[in-house]
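Chains as they are written, first to last, in the UniProt record's numbering: chain Y, 1 to 412; chain V, 1 to 412.
Cβ coordinates follow ideal geometry from the N, Cα and C atoms, glycine included.
A short worksheet on the structure shown next.
Number of protein chains: 2
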Amino acid sequence: MKAFFQVQDVDAVHALAQELPPLPAEEVPLEQALGRVLARPLTAPADLPGFTRATMDGYAVRARDTFGAGETAPGFLDIVGEVRMGRAPDFSLGPGQCARIGTGGMLPAGADAVVMVEHTRLLDETTVEVAASVAPGGNTLGPTDDAAQGQELLPLGQRLRPQDVGLLAALGQEKIMVSRRPKVGIISTGDEVVPVGSSPTPGQVRDVNTHSLAAVVARAGGEPLPLGLVPDNAGALREATARSLDGCDLTLLSGGSSVGVRDFTSEVFLSFPGAELLVHGVAVSPGKPFLWVRTPSGHLLGLPGQVASCLVAFYLLVEPILERLQGRPALPFARFARVPAVLVRNIPSAPGREEYLRVALRQENGHWLASPLFGKSGLLTTLIQGQGLVRVPKDCEGLDASEEVEVLLFPN
Amino acid sequence: MKAFFQVQDVDAVHALAQELPPLPAEEVPLEQALGRVLARPLTAPADLPGFTRATMDGYAVRARDTFGAGETAPGFLDIVGEVRMGRAPDFSLGPGQCARIGTGGMLPAGADAVVMVEHTRLLDETTVEVAASVAPGGNTLGPTDDAAQGQELLPLGQRLRPQDVGLLAALGQEKIMVSRRPKVGIISTGDEVVPVGSSPTPGQVRDVNTHSLAAVVARAGGEPLPLGLVPDNAGALREATARSLDGCDLTLLSGGSSVGVRDFTSEVFLSFPGAELLVHGVAVSPGKPFLWVRTPSGHLLGLPGQVASCLVAFYLLVEPILERLQGRPALPFARFARVPAVLVRNIPSAPGREEYLRVALRQENGHWLASPLFGKSGLLTTLIQGQGLVRVPKDCEGLDASEEVEVLLFPN
Numbered sequence: 001m002k003a004f005f006q007v008q009d010v011d012a013v014h015a016l017a018q019e020l021p022p023l024p025a026e027e028v029p030l031e032q033a034l035g036r037v038l039a040r041p042l043t044a045p046a047d048l049p050g051f052t053r054a055t056m057d058g059y060a061v062r063a064r065d066t067f068g069a070g071e072t073a074p075g076f077l078d079i080v081g082e083v084r085m086g087r088a089p090d091f092s093l094g095p096g097q098c099a100r101i102g103t104g105g106m107l108p109a110g111a112d113a114v115v116m117v118e119h120t121r122l123l124d125e126t127t128v129e130v131a132a133s134v135a136p137g138g139n140t141l142g143p144t145d146d147a148a149q150g151q152e153l154l155p156l157g158q159r160l161r162p163q164d165v166g167l168l169a170a171l172g173q174e175k176i177m178v179s180r181r182p183k184v185g186i187i188s189t190g191d192e193v194v195p196v197g198s199s200p201t202p203g204q205v206r207d208v209n210t211h212s213l214a215a216v217v218a219r220a221g222g223e224p225l226p227l228g229l230v231p232d233n234a235g236a237l238r239e240a241t242a243r244s245l246d247g248c249d250l251t252l253l254s255g256g257s258s259v260g261v262r263d264f265t266s267e268v269f270l271s272f273p274g275a276e277l278l279v280h281g282v283a284v285s286p287g288k289p290f291l292w293v294r295t296p297s298g299h300l301l302g303l304p305g306q307v308a309s310c311l312v313a314f315y316l317l318v319e320p321i322l323e324r325l326q327g328r329p330a331l332p333f334a335r336f337a338r339v340p341a342v343l344v345r346n347i348p349s350a351p352g353r354e355e356y357l358r359v360a361l362r363q364e365n366g367h368w369l370a371s372p373l374f375g376k377s378g379l380l381t382t383l384i385q386g387q388g389l390v391r392v393p394k395d396c397e398g399l400d401a402s403e404e405v406e407v408l409l410f411p412n
Numbered sequence: 001m002k003a004f005f006q007v008q009d010v011d012a013v014h015a016l017a018q019e020l021p022p023l024p025a026e027e028v029p030l031e032q033a034l035g036r037v038l039a040r041p042l043t044a045p046a047d048l049p050g051f052t053r054a055t056m057d058g059y060a061v062r063a064r065d066t067f068g069a070g071e072t073a074p075g076f077l078d079i080v081g082e083v084r085m086g087r088a089p090d091f092s093l094g095p096g097q098c099a100r101i102g103t104g105g106m107l108p109a110g111a112d113a114v115v116m117v118e119h120t121r122l123l124d125e126t127t128v129e130v131a132a133s134v135a136p137g138g139n140t141l142g143p144t145d146d147a148a149q150g151q152e153l154l155p156l157g158q159r160l161r162p163q164d165v166g167l168l169a170a171l172g173q174e175k176i177m178v179s180r181r182p183k184v185g186i187i188s189t190g191d192e193v194v195p196v197g198s199s200p201t202p203g204q205v206r207d208v209n210t211h212s213l214a215a216v217v218a219r220a221g222g223e224p225l226p227l228g229l230v231p232d233n234a235g236a237l238r239e240a241t242a243r244s245l246d247g248c249d250l251t252l253l254s255g256g257s258s259v260g261v262r263d264f265t266s267e268v269f270l271s272f273p274g275a276e277l278l279v280h281g282v283a284v285s286p287g288k289p290f291l292w293v294r295t296p297s298g299h300l301l302g303l304p305g306q307v308a309s310c311l312v313a314f315y316l317l318v319e320p321i322l323e324r325l326q327g328r329p330a331l332p333f334a335r336f337a338r339v340p341a342v343l344v345r346n347i348p349s350a351p352g353r354e355e356y357l358r359v360a361l362r363q364e365n366g367h368w369l370a371s372p373l374f375g376k377s378g379l380l381t382t383l384i385q386g387q388g389l390v391r392v393p394k395d396c397e398g399l400d401a402s403e404e405v406e407v408l409l410f411p412n
């Protein structure tokens, strides 16, 4: 079938992505959890640390026994024991008593604070002079200071950072339920495109998109599966797409810059059983020719062939789908930091479509200045020389020099 | 030997790191180059794209033949051929002639611009009406627009991003010379620390640092090698350190919160042949107990035991060393984005040491507001609830509410 389909707004594409169900969960060992997405919230199975710990070396005390103590009026306490690391003390403190304790040690019963060793002077083996008062709780962590049993610590959909991995370790989680990584088939087309290992003759260029798409897919948490170069004809494209659908959740097709390929790609995608055209054209630059066909066995996506456009379109239109499949909100530019900057030149723009312009950044007096790289959008080097992107909204005739804009920084 | 050693400034530690020689280079296939660091600059071996390409579908023309053409005064051109994708055209254009061309096609000799198909009307098989003029070079990429032969495109020490991988592909680089990944042995100590799989009894806590350090090491481009938990005694520590030195470029020891361990760690590290004490104490919080011993077979580093302090100290003091070993400048917080924010509360600080405070961020009227998380620095949850760090400079009594500060954002 060949459907008439209207060019859609970027937001509409994100709304479609947001409706997708996340992929099923799988269990991974803690060592492999970094960067994965939690498939269920992390709730504390027990209090953390679970007991009162010293955060300084010194003496565990009853805080009230130190009240009023100071350099000129020190107090005196009896040392009745020493806390051993990793053991619950087998003694408790009565009035006027204290115990030696190291950082991380468990306070004995009766104690509610720690006096730092720097504020004490040992008089003899059983007596210490205390030259500072300490409030109850001073220099300690309470049993639930890091977490109370049952507390939600990390939400469903959290992408695990190093500190989150640390928290999972602290709570004894050796196996983590995370969303499965989306498998992404990558197909490049174009009769002018040759493999990286070839020497292009005049008129030919090397296959850049397979490699750069594999890189961004991996960074987005997906598993890239490069399927190679496919000649510019419907039969070869259908065969490669069928191979990708057999196992991949998502298929990315880039290239097809020649008119013919653009014409038959949607037909090939729609020839699979149950295929449904979701998007054919988006009111955005780059990304206008974006194509999204859903089939029962996977999503088929068409991207611009020019490499710079292809990468920007990926971050804007494909990464939200990958995010959602991993159980996260379908947001674009998920890995870009955002910084405010002042434009140094006008950016003219035609209303009616969103635009993403590459910019170079430099710092002046502690503020960022953004220069639009107008150059030719097919140039790979605009992604190398630039540091980020500036969005020109849809219903806007451009942005003015000296206007403050948000720059989306290319991830490292 | 036991050396007297003065507490050093953070900058002095970075200066020491900057003097280290990078690790030897190794060759990796293009598919494994993402995130690695270039061991030699990338110079274009040939022009890119190497020929003049169309960036639009339309007609290759001699620009001067279109001058003066417009909606009301169209020009007429003879169609003398069609450019096939991936082939050098075997014809050339004379005055008044044009050729069909698709995006990415190579311009025939004589042509110097492309008229977009939208600005033309086909009159018959050999005549096209042109309703717009085009400047020389219009809708084309020149032979050296992406790169000229011999041009340096990526510097030595570049950490390869997806677009860099694309550029390497475009230039036919199948094998890339990158710095070897630093191997990093990770040792945790502390008699109160038990493995993640254990159920801690009162007084015990699980081993968090091994897991969170492995995560940040991997993110910093290193190869983490967890060596497990080591009891708090000099013999066991020496044995584990020797194991790590046998193969690892760097050894990270964390824990040793008890007084005894702190006392013997530097002695154990210095007991290896040729060992040299570089740093013993840094004027910074967290990170004060940082220890750096260099031996002929590797660097031995001691980090604070409290997990939150340990991670911040890693980013500040260890990552610069890992960056340098990979051939990059020894800069801290290499993967943190920096955003300006306004403080919502005073941050008091003692002069004489730098301080890094965790902050929570929220947005208000398009600006970021940073609230310091004063909490207890041992708490892991300050790294979970916070979004970044604010630096309080060394010779400063603190920062004032409503002051603008730079926030270092925790990487995702």
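Exercise for review: Compare the C-beta of G104(V) with all C-beta atoms of chain Y and state if any pair is closer than 8 Å.
Suggested key: Contact with chain Y is found for G104(V), since one of that chain's Cβ atoms lies less than 8 Å from the residue's Cβ.
Point to revise | Bounding residues of the alpha helix (DSSP H) (the contiguous stretch that carries T120(Y)) | key: For T120(Y), no alpha helix (DSSP H) segment is defined; the enclosing uninterrupted segment is the beta strand (DSSP E) at 120 to 124.
Review point. If you count every other CB in all the chains shown that lies within 10 Å of the CB of Q149(V), and 16 or more means buried, which is it?
Key: exposed
Review point. If you compare alpha carbons, which of G203(Y), R159(Y), A88(Y), T55(Y) is closest to V117(Y)?
Key: Checking every option, the nearest Cα to that of V117(Y) belongs to T55(Y).
**Study point:** Cβ contact check for the stretch 59 to 70 of chain V and the stretch 142 to 156 of chain V: 3 or more pairs under 8 Å
**Key:** no
Practice item. Report, in whole angstroms, the separation of the C-beta atoms of P74(V) and F91(V), which I expect to be a contact under 8 Å. Key: Not confirmed; about 24 Å, so no contact.
Review point. Would you say R87(V) and Y59(V) are within 8 Å of each other, going by their C-beta atoms?
Key: no
Point to revise | Chain-ordered neighbours of residue 480(V) on chain Y, where CB pairs are closer than 9 Å | key: The question about residue 480(V) has no answer here: the residues shown for chain V are numbered 1 through 412.
Review point. For the putative contact between P182(V) and G142(V), defined by C-beta atoms under 8 Å, what is the C-beta separation to the nearest angstrom?
Key: Not really, about 42 Å apart at Cβ, beyond 8 Å.
Practice item. State buried or exposed for A3(V), treating a residue as buried only when at least 16 other CB atoms are found within 10 Å of its CB. Key: In this prediction, A3(V) has a pLDDT of 48, which is less than 50 and means its spatial position is unreliable; nothing more can be read from the coordinates.
Practice item. Consider the Cβ of G197(Y): report whether some Cβ of chain V lies at a distance smaller than 8 Å. Key: For G197(Y), the closest Cβ of chain V is nearer than 8 Å.
Check your understanding: Is the stretch 289 to 300 of chain V in contact with the stretch 363 to 371 of chain V, if contact means three or more CB pairs nearer than 8 Å?
Key -> no
**Study point:** C-alpha distance - R238(Y) paired with A401(Y), whole-angstrom precision
**Key:** 48 Å
Exercise for review: Starting from the beta carbon of residue 501(V), find every residue of chain Y whose beta carbon is closer than 8 Å, and list them in chain order.
Suggested key: No answer is possible for residue 501(V): it lies beyond the span of chain V, which begins at 1 and ends at 412.
Review point. For H211(V) versus L30(Y), is the C-beta spacing smaller than 8 Å?
Key: yes
Review point. So is T127(V) buried or exposed if we call it buried at 16+ other beta carbons inside 10 Å?
Key: exposed
**Study point:** chain Y within 8 Å of Q8(V), Cβ atoms only
**Key:** no
Check your understanding: Using CA coordinates, which residue listed in G157(Y), G104(Y), L167(Y), D207(Y) is at the minimum distance from E174(V)?
Key -> D207(Y)
Review point. With C-beta atoms as the reference, is L301(Y) less than 8 Å away from L253(Y)?
Key: yes
Exercise for review: Can you check DSSP and say which residues form a bridge with H367(V)?
Suggested key: E364(V)
**Study point:** Inside the UniProt domain "MoaB/Mog" (185 to 324) of chain Y only - beta strand (DSSP E) runs reaching at least 3 residues
**Key:** 223 to 230, 250 to 254, 276 to 280, 291 to 295, 298 to 303
Point to revise | Under the three-state DSSP convention, the category T140(Y) falls into | key: Secondary structure at T140(Y): strand, using DSSP grouped into helix, strand and coil.
Review point. Below 8 Å between beta carbons: does that hold for G157(Y) and V13(Y)?
Key: no
Review point. In chain order, what residues of the same chain lie with their CB nearer than 7 Å to the CB of L48(V), ignoring the 5 residues before and after it?
Key: D146, A147, A170, L171
Exercise for review: Pick helix, strand or coil for P29(V), following the three-state DSSP scheme.
Suggested key: strand
Exercise for review: Output the distance between the C-alpha atoms of G35(V) and A220(V), rounded to the nearest integer angstrom.
Suggested key: 9 Å
Exercise for review: Measure from the C-beta of A147(V) to each C-beta in chain Y and report whether the shortest distance is under 8 Å.
Suggested key: Yes, because at least one Cβ of chain Y sits closer than 8 Å to the Cβ of A147(V).
Practice item. Could you work out which residue in V230(V), L331(V), V318(V) is closest to D249(V) when comparing CA atoms only? Key: V318(V)
Practice item. Report yes or no: is there a C-beta of chain Y within less than 8 Å of the C-beta of P289(V)? Key: Closer than 8 Å: no.
Check your understanding: Counting pairs of beta carbons, one from the stretch 329 to 336 of chain Y and one from the stretch 304 to 320 of chain Y, are three or more of them closer than 8 Å?
Key -> yes
Point to revise | Rounded C-alpha distance that separates P224(V) from I186(V) | key: 7 Å
Check your understanding: How should G50(V) be labelled, buried or exposed, when 16 other C-beta atoms within 10 angstroms of its C-beta is the threshold for buried?
Key -> Classification for G50(V): buried.
Practice item. Report the rounded CA-to-CA distance for M85(V) versus V178(Y), giving the unit in angstroms. Key: 45 Å
Exercise for review: Less than 8 Å between the CB atoms is what I'm expecting for A370(V) and A341(V), so what's the real figure, rounded?
Suggested key: Sure, about 4 Å apart at Cβ, within 8 Å.
Exercise for review: Specify the secondary structure class of Q385(V) as computed by DSSP and reduced to three states.
Suggested key: helix
Point to revise | Cβ separation of R53(Y) and T120(Y), assumed to be a contact under 8 Å, to the nearest whole Å | key: That belief does not hold up - the Cβ atoms of R53(Y) and T120(Y) are roughly 19 Å apart, past 8 Å.
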